[in-house]
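Working notes, beginning with the structure itself.
Protein chains: 2
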Amino acid sequence: MNITEVARRAGVSRSTVSYALSGNRPVSDTTRARIQSVIDELGYRPNASARALANGRTRSLGLVFPPASSHYTDMQLEFIGSVAEAAAAAEHDVLLSASGDGDRALSRLVEERRVDGVIMMEIRLHDERVDYLLDAGFPFVTIGRIADPERTRWVDLDHSALTAACVRQLAGLGHRTIAFVNRSERLVRAGYESAHRGLDGFECAAQEHGVVTRAYRCDDDAAAGEALIERILAEQPRTTAIVTVNEAALGGLYRGLAKAGLSVPRDFSITGIAASRWAEAVTPQLTAADVPAHRMGLLAVDLLLELIENPDSPPRHVLLDQPVSLRASAGAAPAR
Amino acid sequence: MNITEVARRAGVSRSTVSYALSGNRPVSDTTRARIQSVIDELGYRPNASARALANGRTRSLGLVFPPASSHYTDMQLEFIGSVAEAAAAAEHDVLLSASGDGDRALSRLVEERRVDGVIMMEIRLHDERVDYLLDAGFPFVTIGRIADPERTRWVDLDHSALTAACVRQLAGLGHRTIAFVNRSERLVRAGYESAHRGLDGFECAAQEHGVVTRAYRCDDDAAAGEALIERILAEQPRTTAIVTVNEAALGGLYRGLAKAGLSVPRDFSITGIAASRWAEAVTPQLTAADVPAHRMGLLAVDLLLELIENPDSPPRHVLLDQPVSLRASAGAAPAR
DNA sequence: TTGAAAGCGCTACCAC
DNA sequence: GTGGTAGCGCTTTCAA
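In the order they appear, the protein sequences are chains A and B. For the first sequence, the tail end lands on 336 under UniProt numbering, and the numbers increase by one without skipping. For the second sequence, the tail end lands on 336 under UniProt numbering, and the numbers increase by one without skipping.
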């Protein structure tokens, strides 16, 4: 069921069928109608590989996300969904790539020309994948930004502004000793930008408000969160509040506090950055900046398609702020 | 940077380069080495579209998941990750497709031959997508199974066995009135197989144990779960336990119980089927059958690749059982 | 308004 | 062990 067959049955040439389909050349109404009826009858659809080969555009976008070994988070799921959705709306497919081992996966996408451009998640401050794509001159957009963000296109959440807002709020409530619960040791070491910028914002704001701080790293699961609370209370017993960017540990943090006999928000406050699903699942609900993952995914696709259309367009980026949703987990500092 | 250029520089014909790469014909060690050195020098990689066109295999798999409008769950994320991983291990790509509007997305994958086969999630008991693929004779595997499962290939969790196990356990602990918290009205109406088979298992086991039951549907979010508890306690005050398959509502169910002044598991027990991440996030941790999403994703890829290699192989499927992990949310029925 | 034909980059068959 | 070449199914230039 190919274009030759359609042309034969419609009594026209292959090129005419092609033009009737693409609209790149006028075709008389009668021939177009004849062609269309053959197409409908046969259920013809142009072959994607042939098309891609002929015009050098695959009409697919690569979505590079971290390997399964690391725990996935809810935001990641939201990104994936919204990227797929936005791409579909623009008649593009999304090719998933769990970039793991030395990024053979990424180079496969790029060098075998499987996609027209790439969206990368889980960006590091110094990210060799970004350097690679820059060198290769391959179109890409990152969700998150590298240390020197002017050279690239990205959409990012302003993590430092958000953690700073959390500190400001807690300071306003009278908290003087606040702990920061970051992502895992591994991710921080790897240089995850959200972890680093989140910490920066936290520390700057704390200094500004004269707050005593201590930063901890925490594996992305409930057990780690629970254990960490014990450690925090042992190392710095005056701690009355936490700011966290680790949504996967959230349930564990709550459990740890409960176990320590601390009631939230009466005895202890907790705020942070998280997917709203998690923020709303815990009791009391978490006062937090909700990651606008859906919006970020859509934006990333927009930026990428724009770049693919026009490879020489100047770097664009979007830095999203996000209000802290006041829920129930932050209250006045307890008198001690 | 194409095969012609490589051939020219190595002083051989294009076919020789092709064979050196594929190994489909012996090539002398010296020529192979010469070719390889040119390839390394140029960083040559065969173009995926051309390859797909020439040999009729795209080396990508389609992964069809529900549209973003419905809330995603953690299991879905795990599936996606493990499918991508397993596919990558077999040198295949994964093309995401959020099948929504009348499944134009699915027919695009199939009819434009964008993929060699399809994995479908979120199966309904009567699923028109399955009929479509069956008609089209297109290779596919489902995660979940239709009402008449013998005609297709699938990997599924034995939801009815698992909910039955939950009932059995609760009955053994003395509970006589148990509520079932299903997925949303919309999903149940649509005929989601896990929702229906889960309910069936629940009801059969309840009858067997002489337990009084009532089944509820619940939107996939915490707020709905919280509201539902109120309703359950109002409509059937003797209820002392819940079996749930709605992991997204879990946090809300817990909150609703707390609000009602019910302590888990002292006053009220709760068990179900959930991703372990959620089961472990709530306090007390949920006694539940953990969805082995990772394993299911790997199996689905295996089955699909097997089918693609050998289109005439007989239907295969895998029905997974899963032990109920005893955590802390189920206890003896309270004396009433 | 339409047709013929030259690619796109690769594979695999047919020769030698 | 190697080369020549005819496709794979489509797009687009050139010509009419």
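Beta carbons are placed, not taken as given, at the ideal position from N, Cα and C, and that holds for glycine.
Item, Value
"First through last residue of the beta strand (DSSP E) which encompasses V282 (chain B)", "Per DSSP, V282 (chain B) belongs to no beta strand (DSSP E) and is neither H nor E."
"is_contact[N2 (chain B), chain A] using C-beta, thresh 7 Å", "no"
"Distance, L170 (chain B) Cα to Y216 (chain B) Cα", "18 Å"
"Span separating the alpha-carbon of residue 360 (chain B) from that of V301 (chain A)", "Residue 360 (chain B) is absent from the structure shown; chain B starts at 1 and stops at 336."
"Residue nearest to A330 (chain B) in terms of C-alpha spacing, selected from B:D321, B:T244, B:P292 and B:A260", "B:T244"
"Of the listed residues B:R183, B:L299 and B:R255, nearest to G272 (chain B) (C-alpha basis)", "B:R183"
"Min CB distance A48 (chain B) to chain A below 7 Å", "yes"
"Chain A within 7 Å of L299 (chain B), Cβ atoms only", "no"
"Residue closest to G144 (chain A), alpha-carbon to alpha-carbon, out of A:M296, A:P315 and A:E185", "A:M296"
"Exposure label - T16 (chain B); buried when at least 16 CB within 10 Å", "buried"
"Residues of the segment 100 to 118 of chain B with Cβ closer than 7 Å to any Cβ of chain A, in chain order", "A105, E111, E112, R113 and R114"
"Enclosing alpha helix (DSSP H) for N55 (chain B) [first to last residue]", "A48 to N55"
"Rounded separation between D131 (chain A) and G201 (chain B) - CA only", "54 Å"
"Cβ neighbours of residue 378 (chain B) in the same chain (closer than 8 Å, five flanking residues each side left out)", "Shown here, chain B extends from 1 to 336; a query on residue 378 (chain B) therefore has no answer."
"Any 3 or more C-beta pairs closer than 8 Å across the segment 276 to 284 of chain B and the segment 248 to 258 of chain A", "yes"
"For residue 344 (chain A), the three-state DSSP class (helix, strand or coil)", "Nothing about residue 344 (chain A) can be reported from this structure: the residues present for chain A run from 1 to 336 only."
"Of the residues B:E112, B:E78, B:V115 and B:A105, the one placed nearest A98 (chain A), counting alpha carbons only", "B:E78"
"CB contact flag (A333 (chain A), L173 (chain A), <7 Å)", "yes"
"Option in A:R57, A:D148 and A:A87 with minimal Cα separation from R113 (chain A)", "A:R57"
"Counted within 10 angstroms of its Cβ, other Cβ atoms place H126 (chain B) as buried (16 or more) or exposed", "exposed"
"Per DSSP, the bridge partner or partners of V212 (chain B)", "B:T177"
"Positions along the segment 280 to 296 of chain A whose CB lies within less than 7 Å of some CB in chain B", "E280, A281, V282 and T283"
"Neighbouring residues, chain B, relative to Y254 (chain A) (Cβ below 7 Å)", "T283"
"For A293 (chain A), three-class secondary structure by DSSP", "helix"
"Residues near D321 (chain B) by beta carbon distance below 7 Å, same chain, minus five either side", "D158 and A161"
"Chain A residues whose Cβ lies nearer than 7 Å to that of A52 (chain B)", "S49"
"Sequence-distant residues of its chain with Cβ nearer than 7 Å to R9 (chain A) (five each side left out)", "V38"
"Beta-carbon proximity check, A90 (chain A) vs S49 (chain B), cutoff 7 Å", "no"
"Pairwise C-alpha distance: L326 (chain A) and P323 (chain B)", "40 Å"
"L298 (chain A) and L96 (chain B) closer than 7 Å at C-beta", "no"
"Span separating the alpha-carbon of G191 (chain A) from that of P149 (chain A)", "15 Å"
"The ligand COA heavy atom lying under 6 Å from the CB of L133 (chain A)", "For the structure depicted, the ligand COA is absent and the ligand set is empty, with no information on it obtainable."
"Residues of the segment 209 to 236 of chain A with Cβ closer than 8 Å to any Cβ of chain B, in chain order", "D221, A222 and A223"
"Contacts that Q36 (chain B) makes with chain A (C-beta to C-beta distance below 7 Å)", "Neighbours of Q36 (chain B) on chain A: none; closest Cβ ~16 Å, over 7 Å."
"Where A288 (chain B) falls: helix, strand or coil (DSSP)", "strand"
"Cutoff 7 Å: V94 (chain B) Cβ touching any chain A Cβ", "yes"
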